[in-house]
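Trainee:
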Amino acid sequence: MKTHYDIVVVGGGPAGSTAARYAAEQGASVVLLEKDREIGVPVRCAEGVGEKGLSALIAIQPQWIAQRITGAVLHAPSGAAVQLHTDEFGYVLHRKIFDYDLAQMAAGAGVEVYTKAYVQGLVTEADEVAGVVVEHMGVRQAISARLVIAADGVESRVGRWAGLDTRCSMRDIETCAQVTIGNYEGDASVCHFFFSSELLPGGYGWIFPKGNGMANVGLGISGDKAHSGSPHERLQIFLRQVVDRPAILTRVYGSVPCAVTLKKIVRKGLMLVGDAAHQANPLTGGGIVTGMAAAEIAGRVAAAAITEHDVSAERLQEYARLWGEGGGAKMNQFYRLKKFAFTLSDDTLNGLAKATLDLSPEKRTMTNIFKAALINKPSLILDAIKLFT
Amino acid sequence: MIDKIKHLQNKCDFCGTCVAVCPHDAIELAEASLQILFNRCTLCANCIHVCPTRALEMTDENSL
Ligand SMILES: Cc1cc2nc3c(=O)[nH]c(=O)nc-3n(C[C@H](O)[C@H](O)[C@H](O)COP(=O)(O)OP(=O)(O)OC[C@H]3O[C@@H](n4cnc5c(N)ncnc54)[C@H](O)[C@@H]3O)c2cc1C
Ligand code: SF4
Ligand code: SF4
């Protein structure tokens, strides 16, 4: 490890590896620091992605795909199941392999990658970010850099050290528990989503099949509802409802900031990307594609800023602006829908399921469900139509 | 009696959920270790409530 780079990237998730790769491809010297011993492990994710979103960002490799998904079923609190009509499809990934490959692609572009490299703090000069302090295999050292990219996930602290307010509100944090089971007997090409204001308040439960009898089964609830039952406790109940004697191969816990993007995601010498910037989809909690999309912008802007010898907040703001006009604006619309959807009562959800089941199968679309739900909220109907068509 | 947050190492998955909601940056999380910085902690209990495994507890210091 050298003591100076143009750019230090903190965190080796999809956002960090993507930002690092794009910056290095434009000629910047980049180091990527990951605290865990291995990139991609542990996997704190249900691993679902839309084909459209991911393929717009990267050529999808067969080894990343655990299972191709062509159907989705929504389960109302009453137990009524609505098979969604959609032409889109998605994948359940092997994130372990996916994250690993993204880091390897970064390495291929010239990024130096270190695992077991825990960033403990920032180096500052005259109150400005000037590098990081890292502990690598028991040795502490300072690395100076012209720019730090914080891709340190939901547990991000780098931004806070630089004075940005990056905490997530109790309402917007989705706190999750998940198991991967080895004896799933359902159709492997269909994902399931479960709703219940009692068991799954402010969130939902899921089954994402991985093929070969494996499936990610989990749930996320709003943080401000977790005092009456932790995700772990709720998962025990949920599992009893959805699978018969699950063979549990993996257990994970974690969370996603399901909020709007942070107000400030840059300051002089610093950019935040991915979960660290609260860029995940607030309705679904999906943060792989959104984080990578933002990271691509961040990586390009970072490299340009290095070439121009200008890492001022104004220069880096280009990243915040481009994200804000594209993915960010869309996430704001999803946030408005989330705020609405997650306050619906079980009775309303059951009524919606019933009304949707009265439609012919090809009319059972997300747009039509939201249209029916939003009958008294015309402004949100427009959001829903834009997002789901 | 002084309240304190107790961290149950065996229940913790080191997932960082508590860190995300701490208003005072009072939680330090490395690969498999977690430390509460009591000089910053205001005992707001956010971390206790969101922890997916209930690996944090409010206790009085005498019982620690
Ligand atoms: C239960 C669950 C299910 C999910 N399901 C889905 C899904 O189906 N689809 C989807 O798209 N998204 C899903 N998500 C969200 C998705 O996992 C995240 O949005 C995504 O991983 C964010 O990528 P990232 O690169 O920003 O952060 P991360 O992938 O979290 O990477 C951050 C990295 O930074 C490292 N790090 C943190 N602090 C430091 C430090 N101080 N020094 C060095 N390294 C550090 C961490 O170890 C970590 O490897 C789910 C999340 C959870 C919890
Ligand atoms: S939220 Fe709970 S499980 Fe996660 S790191 Fe904090 S104490 Fe550990
Ligand atoms: S009690 Fe509040 S201040 Fe103390 S560590 Fe937990 S979240 Fe932070």
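Chains as they are written, first to last, in this note's numbering: chain V, 1 to 389; chain R, 1001 to 1064. Cβ coordinates follow ideal geometry from the N, Cα and C atoms, glycine included. Keep in mind the model is a prediction, meaning the values are calculated, not measured.
Less than 8 Å between the CB atoms is what I'm expecting for I69(V) and S228(V), so what's the real figure, rounded?
Mentor: With 8 Å as the limit, I69(V) and S228(V) do not qualify as a contact, their Cβ atoms being about 32 Å apart.
Trainee: Look at Y253(V) and P1052(R) and say whether their C-beta atoms are less than 7 Å apart.
Mentor: Taking 7 Å as the Cβ cut-off, Y253(V) and P1052(R) qualify as a contacting pair.
Trainee: Cβ closer than 8 Å: which chain R residues qualify as neighbours of M1(V)?
Mentor: Those do not exist, as M1(V) stays about 17 Å from chain R at its closest Cβ, beyond 8 Å.
Trainee: For Y391(V), name the three-state secondary structure that DSSP assigns.
Mentor: No answer is possible for residue 391(V): it lies beyond the span of chain V, which begins at 1 and ends at 389.
Trainee: Run through the DSSP bridge pairs and tell me what C176(V) is partnered with.
Mentor: Paired residues: G220(V) and G254(V).
Trainee: Counting only C-beta atoms, is G291(V) closer than 7 Å to chain C at any point?
Mentor: Of the protein chains in the structure, V and R, none is chain C.
Trainee: Would you say A1026(R) lies against chain V (beta-carbon separation less than 7 Å)?
Mentor: For A1026(R), the answer is no, since every Cβ of chain V falls outside 7 Å of its Cβ.
Trainee: Compare the Cα-Cα distances from E51(V) to each of F193(V), T86(V) and A162(V) and report the closest residue.
Mentor: If we check each option's Cα against that of E51(V), T86(V) comes out closest.
Trainee: Can F1014(R) be considered in contact with ligand 2, in the sense that its beta carbon sits closer than 6 Å to one or more heavy atoms?
Mentor: Yes - ligand 2 has a heavy atom lying nearer than 6 Å to the Cβ of F1014(R).
Trainee: For E233(V), which of helix, strand or coil comes out of DSSP?
Mentor: Residue state, collapsed to three classes: helix.
Trainee: I need the DSSP call for T348(V), collapsed to helix, strand or coil.
Mentor: Here T348(V) sits in helix by DSSP.
Trainee: Going along the chain, which residues of its own chain have a beta-carbon closer than 6 Å to the beta-carbon of Q26(V), five neighbours each way excluded?
Mentor: Closer than 6 Å at the Cβ level, and outside the excluded window around Q26(V), lie A303.
Trainee: Go through its chain and collect everything with a Cβ distance to A15(V)'s Cβ below 6 Å, but skip five positions before and after it.
Mentor: Answer for A15(V): A151, V273, G274, G291 and A295, listed in chain order.
Trainee: Chain R partners of C176(V), CB-CB under 9 Å?
Mentor: Those are C1015, T1017 and P1052, listed as they occur along chain R.
Trainee: Please compile the residues from chain V whose C-beta is within a distance smaller than 7 Å of the C-beta of E1057(R).
Mentor: In chain order: nothing, as chain V lies at least about 12 Å away.
Trainee: What does the Cβ neighbour count give for R1040(R), buried or exposed, with the cut at 16 atoms within 10 Å?
Mentor: Classification of R1040(R): exposed, given that the 10 Å Cβ count is below 16.
Trainee: Taking CB distances under 7 Å as the criterion, tell me whether S255(V) reaches chain R.
Mentor: Yes - at least one Cβ of chain R is within 7 Å of the one on S255(V).
Trainee: For chain V, check one thing: does any of its Cβ atoms lie closer than 7 Å to the Cβ of L1037(R)?
Mentor: Not one chain V Cβ lies under 7 Å of L1037(R).
Trainee: So, is the C-beta of H1007(R) closer than 7 Å to a C-beta in chain V?
Mentor: H1007(R) does not count as touching chain V.
Trainee: Grab the span of the beta strand (DSSP E) containing I1027(R) for me, first residue to last.
Mentor: Where I1027(R) is concerned, the enclosing beta strand (DSSP E) stretches over I1027 to L1029.
Trainee: When the Cα atoms are used, what is the spatial distance from G327(V) to D1060(R)?
Mentor: G327(V) and D1060(R): Cα-Cα distance of roughly 46 Å.
Trainee: Curious, which full-length alpha helix (DSSP H) runs of at least 4 residues does the region 279 to 343 of chain V contain?
Mentor: With a minimum length of 4 residues, the continuous alpha helix (DSSP H) runs that stay inside the region 279 to 343 of chain V are 288 to 307, 313 to 325 and 327 to 341.
Trainee: Give the residues of chain R in contact with I173(V), contact being defined as C-beta atoms less than 7 Å apart.
Mentor: Result: T1017, A1020, V1021 and V1050.
Trainee: Under three-state DSSP, which class holds R146(V)?
Mentor: Looking at R146(V) - three-state DSSP - the assignment turns out to be strand.
Trainee: What I want to know is whether the C-beta of H1024(R) ends up closer than 6 Å to one or more non-hydrogen atoms of ligand 3.
Mentor: Indeed, a heavy atom of ligand 3 lies less than 6 Å from the Cβ.
Trainee: Using a beta-carbon distance below 7 Å, is H75(V) in contact with chain R?
Mentor: So, not an interface residue.
Trainee: Name the chain V residues whose beta carbon is nearer than 7 Å to that of N1046(R)?
Mentor: Chain V residues near N1046(R): M170.
Trainee: Under the rule that 16 or more other beta-carbon atoms within 10 Å means buried, what is L1064(R), buried or exposed?
Mentor: In this prediction, L1064(R) scores a pLDDT of 46, lower than 50, which makes its location untrustworthy; the coordinate-derived value is nonetheless stated afterwards. Exposed.
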